[in-house]
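Chains A and B are the protein sequences, given in the same order. Per the working numbering, the first sequence starts with residue 55, numbered consecutively. Per the working numbering, the second sequence starts with residue 666, numbered consecutively. No residue lacks a Cβ here, since even glycine has one placed at the ideal position from N, Cα and C. Just so we're clear, the structure is a prediction, and the values are computed from it rather than from any experiment. Notes for the one structure printed next.
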Amino acid sequence: MDSFKVVLEGPAPWGFRLQGGKDFNVPLSISRLTPGGKAAQAGVAVGDWVLSIDGENAGSLTHIEAQNKIRACGERLSLGLSRAQPVQSK
Amino acid sequence: MNQIEPGVQYNYVYDEDEYMIQEEEWDRDLLLDPAWEKQQRKTFTAWCNSHLRKAGTQIENIEEDFRNGLKLMLLLEVISGERLPKPDRGKMRFHKIANVNKALDYIASKGVKLVSIGAEGERCEIVDGNVKMTLGMIWTIILRFAIQDISVEETSAKEGLLLWCQRKTAPYRNVNIQNFHTSWKDGLGLCALIHRHRPDLIDYSKLNKDDPIGNINLAMEIAEKHLDIPKMLDAEDIVNTPKPDERAIMTYVSCFYHAFAGAEQAETAANRICKVLAVNQENERLMEEYERLASELLEWIRRTIPWLENRTPEKTMQAMQKKLEDFRDYRRKHKPPKVQEKCQLEINFNTLQTKLRISNRPAFMPSEGKMVSDIAGAWQRLEQAEKGYEEWLLNEIRRLERLEHLAEKFRQKASTHETWAYGKEQILLQKDYESASLTEVRALLRKHEAFESDLAAHQDRVEQIAAIAQELNELDYHDAVNVNDRCQKICDQWDRLGTLTQKRREALERMEKLLETIDQLHLEFAKRAAPFNNWMEGAMEDLQDMFIVHSIEEIQSLITAHEQFKATLPEADGERQSIMAIQNEVEKVIQSYNIRISSSNPYSTVTMDELRTKWDKVKQLVPIRDQSLQEELARQHANERLRRQFAAQANAIGPWIQNKMEEIARSSIQITGALEDQMNQLKQYEHNIINYKNNIDKLEGDHQLIQEALVFDNKHTNYTMEHIRVGWELLLTTIARTINEVETQILTRDAKGITQEQMNEFRASFNHFDRRKNGLMDHEDFRACLISMGYDLGEAEFARIMTLVDPNGQGTVTFQSFIDFMTRETADTDTAEQVIASFRILASDKPYILAEELRRELPPDQAQYCIKRMPAYSGPGSVPGALDYAAFSSALYGESDL
C-alpha cells in the first residue's frame, strides 16, 4: 500500500501542481514539484497519488473541490499520499 | 635301762638288776636292817594273809608257816589263779623241800630269776625258816605277782607303780611321790591315793601333814574297812624310821594299785563290757529300727502301689484334675518323707553294717523280705507305678481334654452349620424362576452357582463334623449318643440339600434355555425387522419422492430404477413373511412351555402390525409412482422438442452475430479508405442488424417457452439466451460505438486538421504496435510506440503520459486516445494558460476577477457557472468578492498549482 501522510506548515504556496479529479476520471495526483518547495522538502514526489486532504478522502472530489479544499487549509496542510495508484471509486 | 623323760618329777633310775644287786649285798651280809625286817615282816605277812584268806587260811609267823611249803604253794595258787602240782603231803624234810621246790619252780616258770634262792642250799634255808630268805622269797613273789605286771603308760613294774602313784597324786599339791620310802612318811600319799579313787571315803581337806601317824593310820583304816586291804604297815615304824622299808611300802602301795586299778580295770572292763553291750544294744536297736522302718516303708509302698496302679478313668476333667492334684500332693507332701525314710533306712543299714564291721561283729542280715534288695525292688516298683500313673493321668487328662474340646468343637460346628443350613431348604424349593425374565433367570442362576459353591465349601465342614463325631465315638465320649443323633440329623439334611440344589439347578437351566431361545428369536426378529422396516420406510419415501428431472435420460433412469425396485418386491415379501414366522415361533414357544412372560420384544420397537401396514402402503404406492414417472417422461420429451427448436435458432443467430462483430472489427481496423466510407459501411451494418432483430425476438419467444417449461439446459446449442442477448447487445453497442468512434475520428480529424493520410499513418502505427490485434495497445505497446517515434521518456514523464492516454487506468490505450495524444502535441489547443490569459484580459490584468465583470463579459449561463465554481481569491491585493480565475482555469484542465 505504502501510503503516508505529510503535514506541511503554512502558509501557501505549498510548492506542487495538483492534477486529476473525479470530473477528469483520473485520481488526484502530484504532477509537478517546485524544487525546494514545502512539498518537496516534506518528501512528496512527482506521481504521488493524493488519497486524502486534511483527513478527508479525496477519491470523490472533483478537481475544483480538491483545489478549494487545499486552499482552505491555511496554516497547516495534511495530505494522505500513496505511491501506488489507488482503486478508483466509480 | 628304762630311760625316764626329763621333766618327770621323780628321778627313777632303778632297774631290776640294780636292786637285786643291792639285795645280794644284803644277802651276803646275811643282815637285814632290823627296822626293815620288822616292817617287811608285818607287811609281807599281812599281804600273804590277804591272799591266803581266800583259801581259808592264814599265816601267823612268816618264817615258820612257809617252812613246809604247803601254804607257799597255796599262796601261789591263790595269787596266780593257776594250779600248782600236787603238794607232797609228807612230813619229812624232803617232802617240804619238794613242795618249796615246786613253789619256786613255779615262780621260776613265771620268768623270775631267783638268784638268791636258786641253789639247793638256799631253799633249804626256807625250809629251815630263814627269815631273810623267806622274806626275800616272799618279796620275789610279791614283786613278780603284784608288781611286775603293773603297766602304766608303757611303764612297768616298779617304775610303773611309781608312775601310777605320781599320776594319781598329781592333783594333790602337798604330795610329792619320788620314791617308795621317804615320800610316804607323811601319810598324805596314801590318803591322796584313797581320796583320788574314792573321795567319798576320805575328807582329804581335813588332813594335816603334821599328823603323819594319824594320816597313815586313817588311810590304813579306811583301806581295810572299805577296800579290803589289810593293814600292812606300822604307822610309828614308818614315821620314825628315817627311810622306811622300800619293799614294804611298795607291797602295801601295790595293793592299793591292784585295788583301784583293779577297780579301774573292773571299771574299764565294765566300761568295755558296757561299751560292747552298748554297741550291741545300739546295733540291736539299729537292727530293730531298720526292721521297723523297713516294714513301715514296705507297708507304705504296698499300700501305695495299688493306688498308683488304679486305672479307673473319670468322666470329667475336673475329677481327673482332682486325681492329678492328689498325685501332686503325694509327690510333694507324702512321698518326700518316705524318700527320706528310705534314705534313712539305707544310711542306717550302712551305718549298722559299718558299726558291726568295726566292732567285729557279723554283718547284719535283715529278715526275709526286708533285705536291701527287697526294699530297692519295692521302691523301684513304686517309682515305676508312679511314672505309669503320672503318664496315665496325663494321658487321661489329655484324652478328656481332647474329648471336651472335641465335644465343644462338635457343638460349635454343628451349631454354625445348623444356623447356615436353616432356611436353605425353603429357599431351594422356591419357584421364583417361573415368572422371571431371562436376565432374572440368569441372575438366579448366578446366585444358585454362588450357593452351590457355598454348599461345596460347606461339604468340608459337614465332613469335619462327622469326623469329630466319629472320633468322639472312638474315644468313648460319655454323651456320644446325643452327638450321634445330631450328626445324623445334619447329614440327612445335607443329603436333602444336595438333592434340592441339583433339582433347582436343572430347573433354572431349563428355564434359561427356553428364555434364551425366545430371546434369540426376539433378537432375530429385531435384527431383521429393523432393516426391513427401514427398507420399507425408504421405499415409501422413494416412492413418494418428488423428483425433478431435466432430461429424458434422467426420467428414464428413474423409471429404470423404479422397475428395478419393483423387481425386488417379491424378495421383500419373502423377508416379511420370514420375519412374521419368527414372531409366530416366539408365540409358540411361550405357549407350549407355559412361560409366564410377556411376548413383547425388548429389542425391537417395530411390531408386526407396523410391518403389515407399511407393507400395504408400499404396495399401494408403486403404481402411483409408475404413473408419475410416465407423465414426467412425456413432459421431458416435450421439453426436448423445445430445446431443439431453440438450439436451431440460436445456432444460426450466434454465428451471425459473431460474423457481424468481426465485420465491424475489421472495418474499424482497416486503413484504406476514407472515414466516410467506413461510416457508410458501418451504417449499412447497422441497418442489417436492426433488421435482424426479429430473429432475436423469436428466439426470445422460444426461450420464454423453454423457461416456462423449466428447462435450464440445452445441450443442442452452446448458445444460451443470455449469450445471444449479450452478443446482440454487444453487437448493438459495438456498432454504435464504432460508428461513434468513426464520428469522433472524423470530428478529431476535422478539429485537428488531420488528413486522411495522417489518419492512415496513425492507424498503421497503432496497428503495428497493437501486438494482440484487438484494437487496443497496452502500456508496453504504447511505450514502444513512443520510443519508435523518437520520444525519449523517463519513467515519470511516461507515467504522466499514461495518465493522459489511459485516464481510467484500464491498462489499455484506445486508438482514439492514441490519436488524441498524437494530435495534442501538434494541435493548437486551448491551454490553461491561454484561458487564464483570457480571464486576465476580462479582469483588466487583475489577478482576480469580480462577479460583475464576468456577468458583463460572458453569457449569463457561463458567467453563473464561473461565479459558482470559482474559488475566492486569497492572494495579495484581494478584495471582497474576488474570484480566483487562475485556479479555476487550471482546474478545468485538471491541473492547479498550489
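Discussion item. Under 8 Å, with one C-beta from each stretch per pair, do the segment 1453-1462 of chain B and the segment 1498-1515 of chain B reach the 3-pair mark?
Written reply: Segments in contact, no.
Worksheet item: Taking DSSP as the reference, what is the three-state secondary structure of residue 73 of chain A?
Response: strand
Item to complete: Quick one: which residues of the segment 1360-1384 of chain B get their C-beta closer than 7 Å to a C-beta of chain A? List them in chain order.
Response: none
Worksheet item: So the alpha helix (DSSP H) residue 1044 of chain B belongs to, where does it begin and stop?
Response: That run of the alpha helix (DSSP H) goes 1037-1086.
Practice prompt. With 8 Å as the threshold, decide whether the Cβ of residue 1395 of chain B is near any Cβ in chain A.
Written response: no
Discussion item. Beta-carbon within less than 6 Å of residue 136 of chain A's beta-carbon, same chain only, minus the 5 sequence neighbours each way: which residues are those?
Written reply: Cβ-Cβ distances below 6 Å link residue 136 of chain A to 57, 103, 105 in the same chain, with the five nearest sequence neighbours on each side left out; the list follows chain order.
Worksheet item: Leaving out the 5 sequence neighbours to the left and right, which residues in its chain are closer than 7 Å to residue 60 of chain A when beta-carbon positions are compared?
Response: 96, 97, 98, 133, 135
Discussion item. Considering just the uninterrupted stretch of the beta strand (DSSP E) at residue 115 of chain A, what are its terminal residues?
Written reply: Per DSSP, residue 115 of chain A belongs to no beta strand (DSSP E) and is neither H nor E.
Worksheet item: Considering only the beta carbon of each residue, do residue 1379 of chain B and residue 1308 of chain B sit closer than 8 Å?
Response: In this structure, residue 1379 of chain B places its C-beta atom within 8 Å of the C-beta atom of residue 1308 of chain B.
Practice prompt. For residue 81 of chain A, name the three-state secondary structure that DSSP assigns.
Written response: Here residue 81 of chain A sits in strand by DSSP.
Worksheet item: If you follow the alpha helix (DSSP H) that residue 1241 of chain B is part of, which residue opens it and which one closes it?
Response: 1217-1258
Discussion item. Against chain A, does residue 1534 of chain B count as a neighbour if the rule is that its beta carbon must be under 8 Å from one of theirs?
Written reply: yes
Discussion item. Taking 6 Å as the limit between beta carbons, can you name the residues of its chain near residue 1512 of chain B, skipping five residues before and five after?
Written reply: 1540
Worksheet item: Name the chain B residues whose beta carbon is nearer than 7 Å to that of residue 70 of chain A?
Response: 1563
Item to complete: Could you tell me whether any Cβ in chain B is nearer than 8 Å to the Cβ of residue 137 of chain A?
Response: no
Worksheet item: By DSSP, does residue 984 of chain B sit in helix, in strand, or in coil?
Response: Residue 984 of chain B: helix per DSSP, three-state reduction.
Worksheet item: Should residue 988 of chain B and residue 1071 of chain B be called a contact, given that it needs their Cβ atoms to be closer than 8 Å?
Response: no
Practice prompt. Provide the residue span of the beta strand (DSSP E) that contains residue 59 of chain A, from first to last.
Written response: Segment 57-63, the beta strand (DSSP E) holding residue 59 of chain A.
Practice prompt. Give a yes or no on whether the C-beta atoms belonging to residue 1469 of chain B and residue 1407 of chain B are separated by under 8 Å.
Written response: Not closer than 8 Å, so no.
Worksheet item: What residues from the segment 1457-1486 of chain B come within 7 Å of chain A, judged by C-beta to C-beta, listed N to C?
Response: 1461, 1464, 1465, 1468, 1472, 1473, 1474
Discussion item. Strictly by DSSP, which residues pair up with residue 1560 of chain B?
Written reply: A/73
Worksheet entry | With 16 other Cβ atoms within 10 Å as the buried cut-off, status of residue 1175 of chain B | exposed
Item to complete: Would you verify that the beta carbon of residue 80 of chain A is, or is not, closer than 8 Å to some beta carbon of chain B?
Response: yes
Worksheet item: For residue 811 of chain B, which of B/839, B/985, B/855, B/914 has the nearest alpha-carbon?
Response: Minimum Cα-Cα distance from residue 811 of chain B among the listed residues B/839, B/985, B/855, B/914 corresponds to B/914.
Worksheet item: Whose Cβ in chain A lies nearer than 9 Å to the Cβ of residue 1539 of chain B?
Response: 66, 125, 128
Fill in: residue 687 of chain B classed as buried or exposed, judged by whether at least 16 other C-beta atoms fall within 10 angstroms
Its pLDDT being 48, under 50, residue 687 of chain B is placed unreliably by the model, and nothing is read from it.
Worksheet item: If you scan the segment 731-817 of chain B from start to end, which runs of the alpha helix (DSSP H) of 4 or more residues do you find wholly inside it?
Response: 735-745, 758-774, 785-792, 796-806
Practice prompt. Evaluate contact between the segment 1192-1199 of chain B and the segment 1148-1161 of chain B, counting only Cβ atoms and requiring at least three cross-stretch pairs below 8 Å.
Written response: Touching, no.
Worksheet item: Does any heavy atom of the ligand PLP sit closer than 7 Å to the C-beta of residue 1554 of chain B?
Response: The ligand PLP is not among the ligands present in this structure, which contains no ligands whatsoever.
Item to complete: Look at the Cβ atom of residue 837 of chain B, then the Cβ atom of residue 822 of chain B, and state whether they are nearer than 8 Å.
Response: no
Worksheet entry | Straight-line gap, residue 744 of chain B to residue 776 of chain B (C-alpha atoms, nearest Å) | 15 Å
Worksheet item: If we call anything under 8 Å between Cβ atoms a contact, is residue 1068 of chain B one with residue 1137 of chain B?
Response: The criterion of a C-beta distance shorter than 8 Å is satisfied by residue 1068 of chain B and residue 1137 of chain B.
Discussion item. Quick check: the Cα distance between residue 1396 of chain B and residue 1331 of chain B, rounded to an integer number of angstroms?
Written reply: 14 Å
Worksheet item: Going by other Cβ atoms of all chains shown within 10 Å of its Cβ, with 16 needed for buried, is residue 100 of chain A buried or exposed?
Response: buried
Fill in: Inter-stretch contact (C-beta, 8 Å, three-pair minimum) for the segment 109-117 of chain A and the segment 76-88 of chain A
Contact between the segment 109-117 of chain A and the segment 76-88 of chain A is present: 3 or more CB-CB pairs across the two stretches fall below 8 Å.
Worksheet entry | Under 8 Å between C-beta atoms of residue 1179 of chain B and residue 1089 of chain B | no
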